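There are 4 protein chains.
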Amino acid sequence: MSTFNWPIRVYYEDTDAGGVVYHSQYLNFLERARTEWLRDLGFEQTDLCDDLHIVIVIHSLQIAFKKPAKFNDLLTVKSSLLSVGHTSWQCAQSIVRHDKVRGDEVLIEAQVKATFVNAQTFKPTRIPAAILNVIPQFTSQSTPQTMEPT
Amino acid sequence: MSTFNWPIRVYYEDTDAGGVVYHSQYLNFLERARTEWLRDLGFEQTDLCDDLHIVIVIHSLQIAFKKPAKFNDLLTVKSSLLSVGHTSWQCAQSIVRHDKVRGDEVLIEAQVKATFVNAQTFKPTRIPAAILNVIPQFTSQSTPQTMEPT
Amino acid sequence: MSTFNWPIRVYYEDTDAGGVVYHSQYLNFLERARTEWLRDLGFEQTDLCDDLHIVIVIHSLQIAFKKPAKFNDLLTVKSSLLSVGHTSWQCAQSIVRHDKVRGDEVLIEAQVKATFVNAQTFKPTRIPAAILNVIPQFTSQSTPQTMEPT
Amino acid sequence: MSTFNWPIRVYYEDTDAGGVVYHSQYLNFLERARTEWLRDLGFEQTDLCDDLHIVIVIHSLQIAFKKPAKFNDLLTVKSSLLSVGHTSWQCAQSIVRHDKVRGDEVLIEAQVKATFVNAQTFKPTRIPAAILNVIPQFTSQSTPQTMEPT
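Chains as they are written, first to last, in this note's numbering: chain A, 33 to 182; chain B, 33 to 182; chain C, 33 to 182; chain D, 33 to 182.
Put into structure tokens, the structure is as follows:
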């Protein structure tokens with residue numbers, strides 16, 4: 033399955049007094065990457081909201097904090113689709129750091145389920161066909177996964 | 033002039049890798065205190081928005097970071113009104129830490145000008161009379177200040 | 033099993049343009065509650081760090097975002113221990129909102145595994161005996177859970 | 033005086049329930065730009081800290097919130113030096129939005145005074161000569177400004 037990579041620089045705002053990135057901040061990094069992934073596919077969330085009254089909300093997620101990132105680190109968020117349902121999809125995302133000595137280190141591993149909802153009612157709504165049409169390029173090298181994630 | 037005090041506990045989320053509270057986080061502490069001050073006066077910002085379509089936005093501020101706060105500190109935000117105009121007011125706010133040895137230390141000093149605006153157009157709108165009516169209790173011990181802050 | 037309750041007020045800083053609390057912010061609410069829980073048990077994390085060189089880091093977590101919280105909501109974080117190992121423990125945490133009409137609503141459900149580590153090396157270290165000694169009061173009404181969570 | 037430009041994309045994490053960027057978040061945008069400015073000049077703050085035990089802290093700032101930024105906006109932070117003293121300097125920073133219809137709009141105007149301090153004692157320390165040496169390229173087109181900002 034193809035993977036979308038997005039770079040993230042760690043600034044002071046992202047760190048805490050333990051000297052490392054504060055744990056909830058990784059969720060922001062993951063969402064920035066998902067936003068840029070959609071943009072890279074040709075979809076602006078502002079258009080989704082203005083034209084189709086759709087916003088994408090996080091249904092649930094699992095995350096493992098394997099190694100800490102530090103101030104000034106340059107990280108990469110790697111994102112790929114795990115499964116696509118009628119109103120939601122599930123992504124696998126990881127955050128890696130490129131270290132000259134130690135090579136690539138996986139700092140974060142996460143699975144995120146996002147649901148497309150109506151912007152007013154927050155009720156689930158079908159993923160727009162225009163988006164579904166561009167997804168195969170992301171899943172063509174994997175076995176079909178069409179079941180709604182639980 | 034009377035002062036409204038609000039306690040703030042510093043959590044890890046508020047700190048950065050320098051071991052102290054990240055500088056922009058103090059602005060959040062100041063706003064929490066202003067929100068609780070209005071609530072203490074009997075005004076919920078949700079009612080202001082739902083009933084009068086008014087939101088309060090920050091026009092400008094000056095802030096001096098005199099000493100750093102640390103993880104786990106228990107701080108007090110002190111707020112008082114400096115001046116009240118037709119559509120905006122200006123507050124003096126400070127953040128102090130109570131230290132058993134050193135006594136009260138002033139960590140932050142700020143002046144914040146907030147404007148009442150229409151929730152849709154963001155255009156300035158008059159401060160509701162109901163709010164102006166309760167303000168004298170805050171300014172009764174000071175000389176009248178009715179000029180619009182610049 | 034006994035539960036520790038901690039109130040959280042939602043401020044503007046916690047919300048996003050969708051009109052609801054930004055998803056990663058709930059993790060901050062959960063950590064505030066865990067910090068206050070330890071304090072309520074008699075342990076300050078500053079002492080843990082200064083005296084025993086121990087900090088508590090998040091190993092992994094699962095979280096379900098069931099209903100959104102809004103600006104000005106008064107929430108309660110409910111925390112209880114699920115299991116205790118040599119160097120880590122696992123908590124169940126939920127965030128509920130008290131609504132006059134709808135009663136208590138569960139907004140968030142989470143399981144969080146935290147590990148005690150050395151503040152310099154970030155290597156796992158045993159949970160201090162002083163802390164383990166006060167845990168039974170939290171687990172006395174439940175069946176013993178002594179296995180290291182996976 | 034030459035100006036350093038740095039792009040900032042607005043994500044959901046930066047916004048609040050008013051539908052616009054939360055006011056304190058602009059301070060984070062300003063700091064990201066200052067960090068990238070120093071990096072562009074050849075200085076990593078991690079090296080400053082590790083090699084010279086110097087960190088840069090914010091002494092004080094003034095900021096005017098002229099127009100709100102929104103989700104998905106692509107902004108530019110413009111930074112230039114106003115004055116350089118022995119242990120601190122003062123920058124002028126603005127945040128602008130490029131709008132196809134309205135042209136460039138200035139959203140934020142700020143003046144930020146930053147102080148170089150010892151990483152342990154937080155006492156002011158001289159700006160390293162290596163940094164002062166590269167500053168003239170930023171100030172060569174302006175009149176000399178060597179006075180310590182007040």
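Note that the Cβ used here is the ideal one computed from N, Cα and C, for glycine as well.
Computed from a predicted model, the values in this text were never measured in an experiment.
Residue i (DSSP reduced to helix, strand or coil)
| i | result |
| --- | --- |
| LEU73/B | helix |
| ASN150/B | strand |
| VAL133/C | coil |
| ILE127/B | strand |
| VAL138/B | strand |
| ILE40/A | strand |
| ILE167/A | coil |
| THR35/C | coil |
| ALA162/B | helix |
Distance between residue j and residue i (C-alpha atoms, nearest Å)
| i | j | result |
| --- | --- | --- |
| VAL144/A | GLN122/C | 21 angstroms |
| THR108/A | VAL53/A | 14 angstroms |
| LEU93/A | SER56/A | 12 angstroms |
| ARG41/A | THR47/A | 12 angstroms |
| GLY51/B | THR78/C | 12 angstroms |
| ARG129/D | GLY135/C | 45 angstroms |
| LEU106/A | VAL138/A | 13 angstroms |
| THR153/D | PHE36/B | 33 angstroms |
| ALA124/D | PHE148/B | 27 angstroms |
| VAL89/D | TRP38/C | 34 angstroms |
| VAL116/C | HIS85/D | 40 angstroms |
| ASP82/A | GLU76/A | 10 angstroms |
| ILE167/B | ASN104/C | 22 angstroms |
| PRO181/D | ASN60/B | For PRO181/D, the predicted model reports a pLDDT of 39, less than 50, meaning its position is unreliable and no value from the coordinates is stated. |
| TRP69/C | LEU113/C | 11 angstroms |
| LEU73/C | THR67/C | 10 angstroms |
| TRP133/A | PRO100/A | For clarity, residue 133/A is Val in the given sequence; the question names Trp instead. The alpha-carbon atoms of VAL133/A and PRO100/A are separated by roughly 17 angstroms. |
| ASP131/D | SER34/D | 23 angstroms |
| ARG158/B | ALA146/D | 37 angstroms |
Strand pairing of residue i, partner residues [DSSP]
| i | result |
| --- | --- |
| LYS155/C | Beta-bridge pairing links LYS155/C to no other residue. |
| ASP47/B | Looking at the sequence itself, residue 47/B is Thr, so the reference to Asp does not match. VAL53/B. |
| SER120/D | THR147/D |
| SER115/A | GLN122/A |
Residue i vs residue j beta-carbon contact at 9 angstroms
| i | j | result |
| --- | --- | --- |
| LYS102/B | ALA49/A | yes |
| LEU164/C | SER111/C | no |
| ALA151/C | VAL87/C | yes |
| ARG211/A | GLU45/D | The structure shown does not extend to residue 211/A, since chain A is modelled only from 33 to 182, so the question has no answer here. |
| LEU80/D | PRO160/D | yes |
| HIS118/D | ALA96/B | no |
| ILE140/A | TYR43/A | no |
| ALA142/B | SER126/B | yes |
Segments assigned beta strand (DSSP E), at least 3 residues, entirely inside the segment 66-113 of chain C: Segments of the beta strand (DSSP E) lying fully in the segment 66-113 of chain C: 86-97.
Residues of the segment 100-117 of chain D with Cβ closer than 8 angstroms to any Cβ of chain F, in chain order: Here the protein chains are A, B, C and D, and chain F is not one of them.
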